[in-house]
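Residues 163 to 308 (the numbering used here) make up the sequence shown, in order.
We treat Cβ as the ideally placed atom computed from N, Cα and C, and that holds for glycine.
Keep in mind the model is a prediction, meaning the values are calculated, not measured.
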Amino acid sequence: MTSYADAHTAILGHLKANWKATPVYDGPEPREAPEPPEPFVRVLLRGQTGKPTSVNGGHDRRHILFQATAYIVLFTPVGTGDALSIAYASDLERLFSLASIPDLKGGKVDCEVAQIGEPVPADEVQRWRSTTIKIPVRYFDRSVNG
């Protein structure tokens, strides 16, 4: 059984287990950026897209297919150069593209092809530039009886 929270935990766990290049944080924008400035990533899972799809799972169970979008946001300090951002974003894209990530309850989260967004340059106030890796994901919630 995979719930929304289970899917989020699985994606975060997959990143933490396989990504050692930078610190990994859970949730939206950091309250305080690391000092001294160093690259880091944040994990966000945004709600189900579209309506859940009922799939007959047999044994009087219904499997509900959910689709959502995971965002891995890479922050790099201004002045580190484009090469570092591009290299990290490419590595993150490869880590998640077409991955099948097990959750803690015997289910899994299936990732589609990840896409790297355009970098958002820092403004005069910000010291960070961000690059978002967008990953469409699917998971089944098998907890619903038919």
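Between residue 289 and residue 240 a beta carbon distance of about 5 Å is seen, short of the 8 Å cut, so the two are scored as contacting.
Here the C-alpha atom of residue 209 lies approximately 29 Å from the C-alpha atom of residue 200. Residue 231 sits in a strand when the DSSP states are folded into three classes.
Sixteen is the threshold: when 16 or more other Cβ atoms of the shown chains lie within 10 Å of the Cβ of residue 205, as they do, the residue is buried.
For the 8 Å CB-CB criterion, residue 271 and residue 299 form a contact. Residue 290 is bridged by DSSP to 239.
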